[in-house]
Amino acid sequence: MTYQKIVVERFGAGHVLRPVTASLPQPPPGHARLRVLAAGVGFTDLMARSGDYLLQRTVPFTPGYELTAEVVDFTPGGLQPSWLRAGVRVAAALTKMAAYTEYLTLPLWQLVPLPGGLDPHVAAAIPLDHLTALSLLETHGRLQSGDSVLIHGAGGGVGQAVSRLGALRGLRMYGTASAPGSAELLARHGVTLIDYRREDFETVLRQREPDGIQAVFDHIGGANLRKGYRVLAPGGVLVSYAFSGRPGRMAGDTVRGAVRIQLMNLRPRRRTALSMVPREIRADHDWYHSALTRILGLAQRGEITPRIAGTYPLLRAADAHTALERREITGKVVLTTQ
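According to this note's numbering, the sequence shown is numbered sequentially starting from 15.
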């Protein structure tokens with residue numbers, strides 16, 4: 015079976031995303047061969063393509079951590095879900111980038127059935143951001159209704175996922191952002207905007223939450239970590255889930271940020287944590303399967319609705335990356351194979 019996939023053969027700008035033809039052998043035991051329907055595009059894909067992503071430091075590779083697909087065939091082996099059959103539609107979050115492709119082979123444990131009626135193009139925008147949000151809110155945050163949180167980059171993919179799931183939990187949420195229309199976007203989920211171009215989030219939160227807040231979710235690092243730590247209530251937690259860093263230095267900034275988080279955790283009365291969902295998926299298959307099943311169920315029932323900013327054919331992945339980097343579109347982008 016021959017097919018096309020997008021490959022980064024050298025680090026660089028969007029133009030390094032090139033389609034190549036490949037062949038897909040029969041799946042080994044315990045694996046399924048999939049026809050990809052759609053793949054989500056995330057900020058980590060752009061970092062990886064540029065050579066700035068800590069978990070993808072070599073070329074060649076195919077970007078993308080999330081997808082929806084149709085099962086072509088499979089080879090039994092190990093635990094086999096009762097629902098598995100050729101033609102069934104599934105969603106998956108990957109532990110290693112590979113989603114920008116027409117066909118793919120994955121382990122059976124990684125497949126989660128797509129609920130009936132859920133558009134696979136919409137579903138492809140869900141897995142990674144919303145699994146990250148659940149990791150922040152539940153695994154690390156341990157948050158309850160009425161707790162207050164700060165979401166950095168609240169207008170981004172993970173930030174919006176946190177706000178959607180946080181609203182369902184009854185959280186009091188503040189979010190930093192600056193893009194036009196951010197206030198209206200965040201208000202849909204009850205998030206109070208802190209415009210970081212005009213306001214200092216530490217000052218705002220000390221005024222509005224004098225006793226401190228229960229959690230800060232940070233993807234920026236640097237001075238933000240120290241300031242975020244200072245606004246925590248006793249027992250609160252600062253969780254870093256990525257570090258955007260400086261162009262050309264993001265991998266190094268990620269390492270420094272992770273070390274800083276670990277050192278801060280030695281201080282009493284407050285906690286720090288580092289969330290890296292691809293590793294969490296690999297370490298706990300049961301959590302992954304249960305969490306993604308829950309999230310897809312919420313989407314099927316209309317309780318969460320990801321905001322799709324743009325849809326591109328797979329072979330125009332370079333255009334999708336360029337549009338995101340130029341901020342021509344904001345929100346989630348999906349690549350389609352149909």
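Even glycine gets a Cβ: it sits at the ideal position worked out from N, Cα and C.
Cβ neighbour criterion (16 or more within 10 Å) applied to residue i
i	result
Ile343	exposed
Leu93	exposed
Arg63	buried
Met15	exposed
Val34	exposed
Pro74	exposed
Pro77	buried
Leu213	In the sequence on display, residue 213 carries Glu and not Leu. The residue is exposed, with fewer than 16 neighbouring Cβ atoms inside 10 Å.
Thr72	exposed
Gln158	exposed
Glu317	exposed
Thr217	exposed
Arg178	buried
Glu80	buried
Pro43	exposed
His299	exposed
Ser37	exposed
Asp225	exposed
Pro41	buried
Gly171	buried
Ala201	exposed
Own chain, CB closer than 7 Å to residue i, minus 5 neighbours either side, in chain order
i	result
Ile227	Ser162, Val163, Leu164, Leu219, Val245, Leu246, Ala247, Gly250
Thr109	Pro292, Ile295, Arg296
Pro320	Val136, Ala139, Ile140, Lys346
Pro134	Leu51, Ala52, Thr82, Arg103, Leu128
Ala181	His203, Gly204
Ser149	Ser289, Val291, Glu294
Ala331	Ile20, Leu31, Tyr114, Leu349
Ala305	Leu145, Leu148
Sequence-distant residues of its chain with Cβ nearer than 6 Å to residue i (five each side left out)
i	result
Ala197	Leu207
Arg283	Pro248
His144	Ala175, Ile309
Tyr124	Strictly speaking, residue 124 in this sequence is Gln, with Tyr absent from that position. Closer than 6 Å at the Cβ level, and outside the excluded window around Gln124, lie Ala106.
Asp87	Arg47, Ala100
Arg186	Ser162
As assigned by DSSP and simplified to three states, the class of residue i
i	result
Val126	strand
Phe25	coil
Ala137	helix
Ser96	coil
Ser159	coil
Arg340	coil
Thr351	coil
Ala36	strand
Leu148	helix
His45	strand
Arg283	coil
Leu132	coil
Contact with chain C by residue i, beta-carbon distance below 7 Å
i	result
Arg285	In summary, chain C is missing from the structure at hand, where a single protein chain is found.
8 Å CB neighbourhood of residue i in its chain, flanking five on each side removed
i	result
Gly101	Glu84, Val85
Glu23	Val30, Arg32, Val73, Pro74
His303	Trp123, Val126
Asp364	Nothing can be reported for residue 364: it is not among the residues displayed for the chain, which extend from 15 to 352.
Gln18	Pro33, Val34, Thr35, Ala36, Thr115, Glu116, Leu328, Leu329
Residue i beta carbon near the ligand GDP (any heavy atom closer than 6 Å)
i	result
Arg32	In the structure shown, the ligand GDP is absent, as is every other ligand, since no ligand is present at all.
Could you give the uninterrupted runs of the beta strand (DSSP E) lying entirely in the region 182-269, keeping only those of 3 residues or more?
186-191, 205-209, 227-232, 246-254
Report yes or no: do the region 101-119 and the region 39-54 share at least 3 C-beta pairs separated by less than 8 Å?
yes
Counting pairs of beta carbons, one from the region 111-118 and one from the region 88-102, are three or more of them closer than 8 Å?
no
Runs of alpha helix (DSSP H) lying entirely within the region 288-338, each at least 4 residues, in chain order:
291-297, 299-314
Whole runs of the alpha helix (DSSP H) within the region 48-123, excluding any shorter than 4 residues
57-64
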